[in-house]
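Enquirer: Numbering (our numbering), first residue to last: 110 to 366.
Beta carbons: idealized from backbone N, C-alpha and C, even for Gly.
Keep in mind the model is a prediction, meaning the values are calculated, not measured.
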Amino acid sequence: MAILVVFGIVAILGVQIKKVVDIAVISDSFPSFHVSNIPFTLQTLQIIFPYALVMAGVGLIESLLTLNMVDEITNSKWSSNREALAQGTANMVNGFFGGMGGCAMVAQSLVNLNAGARSRFSAFIAAVAILAVILIGASFIEQVPMAALVGVMMMVAIGTFQWVSIRVINKFPKSDIFVGMLVVVITVVLHNLALAVLVGGVISAPVFAWDNAKRIRARKYTDDDGVKYYEIYGPLFFGSGAVLMENLTLAKIRRKL
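(1) Kindly indicate which residue of Val167, Phe139, Val316 has the alpha-carbon position closest to the one of Ala303.
(2) For Lys127, which residues of its own chain have a beta-carbon under 6 Å away from its beta-carbon, when the five flanking residues on both sides are left out?
(3) Jot down the residue ranges of each uninterrupted alpha helix (DSSP H) in the region 239 to 316, minimum 4 residues, whole runs only, in chain order.
(4) In the DSSP assignment, what are the bridge partners of Glu340?
(5) Give me whichever residues DSSP pairs with Lys128 in a beta bridge.
(6) Do you know how far the Cα of Ser185 is from the Cα of Val179?
(7) Quick check on the burial criterion: 16 or more other C-beta atoms within 10 angstroms. Buried or exposed for Val115?
(8) Once you ignore the five residues that flank Gly309 on each side, which residues in its own chain have a CB closer than 6 Å to its CB?
(9) Lys365: buried (16+ other C-beta within 10 angstroms of its C-beta) or exposed?
(10) Output the distance between the C-alpha atoms of Leu240 and Ala165, rounded to the nearest integer angstrom.
(11) Mind checking Gln196: buried by the 16 CB within 10 Å criterion, or exposed?
(12) Determine, using beta carbons only, whether Ser138 and Leu244 come nearer to each other than 9 Å.
(13) Relative to the C-alpha of Gly246, which candidate in Leu222, Ser189, Asp332, Ser136 has its C-alpha closest?
(14) From Ile275 to Phe281, what distance separates their C-alpha atoms?
(15) Starting from Phe158, follow the alpha helix (DSSP H) in both directions and report where the run begins and ends.
(16) Do Val242 and Ile250 have their C-beta atoms closer together than 9 Å?
(17) Taking all protein chains shown into account, do 16 or more other C-beta atoms lie within 10 angstroms of the C-beta of Thr175, making it buried, or fewer, making it exposed?
(18) Using a threshold of 9 Å, state whether the C-beta atoms of Gln252 and Val130 are closer than that.
(19) Entirely within the region 184 to 223 and at least 3 residues each: give me those beta strand (DSSP E) ranges in chain order.
(20) Rounding to the nearest angstrom, what Cα-Cα distance links Tyr338 and Arg324 in this structure?
(21) Give every residue of the same chain whose Cβ lies closer than 6 Å to the Cβ of Thr331, excluding the five residues on either side of it in the sequence, and list them in chain order.
(22) Comparing alpha-carbon positions, which option in Gln155, Ser188, Gly210 lies nearest Thr198?
(23) Report the rounded CA-to-CA distance for Asp320 versus Ala224, giving the unit in angstroms.
(24) Is any beta-carbon of chain C found at less than 9 Å from that of Val237?
(25) Got a sec? Which residues, its chain only, sit under 7 Å from Cys212 by beta carbon, not counting five neighbours each side?
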């Protein structure tokens, strides 16, 4: 409705504004199968492989995050391996028709779920509907003002954001908050989501290892001779070792262990 309202205002008042056709031309026909004439050489692989690796990594991460989110909302459990295999196969076939690589998206999935969808059939219906709209109304879509699309995207972002998380952000681990803010800053400043995800993963790994190493437990018992025994559970390395010795010192252990 918002798109139609903005479209009508622009058409009636004759406002000069950037439209979809100024960004890209939308074809109203089916794409044809073709194999790109690219030399199969090591040099070609060296050029393509880094970009392919980045796209595959970002796509898989986004898809798995979306899959986990959908599982939590619908109380279901889907196979991540099957999702990754289906996505890879679809992108490979899509390339032979001149299409762009794609993956599951959090925002679109939330909109779909909020509309009442609870099965994969809804995604199929959405794809068929988009295809029909493009084939039938390509000329109309090209005249849609970009301002209308920006407004719709902003409302989708506002509607899908979990605002309750702001009230409980002080309960999150400080390390998670830092990593999240760092990923956002890198994405906004450098416009490189792949790099932001990579940096976030690299920083999260040692932080998780450090936090996990400090979570050690000890079970204490005393035998008939009055000797105390402490059974330690959990990973033990230089970080957790210092915590362990500190706890033993605070316990004021004086007798034989």
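Expert: Reading from the atomic positions:
(1) For the purposes of this step, residue 303 is taken as residue 194 along the sequence shown, with counting starting at 1. The candidate whose alpha carbon is nearest that of Ala303 is Val167.
(2) Locating residue 127 in the sequence shown gives position 18, counting from the first residue. Correct list, in chain order: Met255.
(3) 255 to 269, 273 to 276, 283 to 299
(4) As a first step, residue 340 must be located in the sequence shown, where it is residue number 231. According to DSSP, Glu340 bridges with Arg328.
(5) As a first step, residue 128 is located in the sequence shown; it is residue number 19 there, counting from the start. DSSP, once it has assigned bridges, lists Pro254 as partnering Lys128.
(6) Here residue 179 corresponds to residue number 70 of the sequence shown, with the count starting at 1. Here residue 185 corresponds to residue number 76 of the sequence shown, with the count starting at 1. Going by the C-alpha atoms only, they are around 8 Å apart.
(7) What you label residue 115 is simply residue 6 of the sequence shown in a count that begins at 1. It is buried - the Cβ of Val115 has at least 16 other Cβ atoms within 10 Å.
(8) Here residue 309 is taken as the residue at index 200 of the sequence shown, counted from 1. Counting only Cβ-Cβ distances below 6 Å, and skipping sequence neighbours, we find Val288, Val292.
(9) Within the sequence shown, numbered from 1, the residue matching residue 365 stands at position 256. Reliability of the predicted coordinates at Lys365 is poor, the pLDDT of 45 falling under 50, and no value is obtained from them.
(10) Mapped onto the sequence shown, residue 240 falls at position 131. Mapped onto the sequence shown, residue 165 falls at position 56. Approximately 24 Å, taken between the alpha carbons.
(11) If you number the sequence shown from 1, residue 196 lands on position 87. The residue in question, Gln196, is buried, as its Cβ has 16 or more Cβ neighbours within 10 Å.
(12) Residue numbering aside, residue 138 sits at position 29 when the sequence shown is read from its first letter. Residue numbering aside, residue 244 sits at position 135 when the sequence shown is read from its first letter. For Ser138 and Leu244, yes; Cβs fall inside 9 Å.
(13) Counting from one through the sequence shown, the residue named residue 246 turns up at place 137. If we check each option's Cα against that of Gly246, Ser136 comes out closest.
(14) Counting from one through the sequence shown, the residue named residue 275 turns up at place 166. Counting from one through the sequence shown, the residue named residue 281 turns up at place 172. Going from the Cα of Ile275 to the Cα of Phe281 covers about 10 Å.
(15) Along the sequence shown, one-based indexing puts residue 158 at 49. Element bounds for Phe158: 151 to 183.
(16) Locating residue 242 in the sequence shown gives position 133, counting from the first residue. Locating residue 250 in the sequence shown gives position 141, counting from the first residue. Yes.
(17) For the purposes of this step, residue 175 is taken as residue 66 along the sequence shown, with counting starting at 1. Buried: at least 16 other Cβ atoms inside 10 Å.
(18) For the purposes of this step, residue 252 is taken as residue 143 along the sequence shown, with counting starting at 1. For the purposes of this step, residue 130 is taken as residue 21 along the sequence shown, with counting starting at 1. Cβ distance < 9 Å, so Gln252 and Val130 count as in contact.
(19) none
(20) As a first step, residue 338 must be located in the sequence shown, where it is residue number 229. As a first step, residue 324 must be located in the sequence shown, where it is residue number 215. Tyr338 and Arg324: Cα-Cα distance of roughly 19 Å.
(21) As a working note, residue 331 is residue 222 in the sequence shown. If we look at Thr331 and ignore the five residues flanking it on each side, its Cβ neighbours are Lys337.
(22) On the sequence shown, residue 198 is found 89 positions in, with the first residue counted as 1. It is Gly210 whose Cα lies nearest to the Cα of Thr198.
(23) Taking the sequence shown and counting its residues from 1, the one referred to as residue 320 is at position 211. Taking the sequence shown and counting its residues from 1, the one referred to as residue 224 is at position 115. Distance between the alpha carbons of Asp320 and Ala224: 40 Å.
(24) Absent here is chain C; the protein component of the structure consists of one chain.
(25) Taking the first residue of the sequence shown as position 1, residue 212 is located at position 103. Within the same chain, Cys212 has close Cβ partners Gly168, Glu171, Ser172, Gln196.
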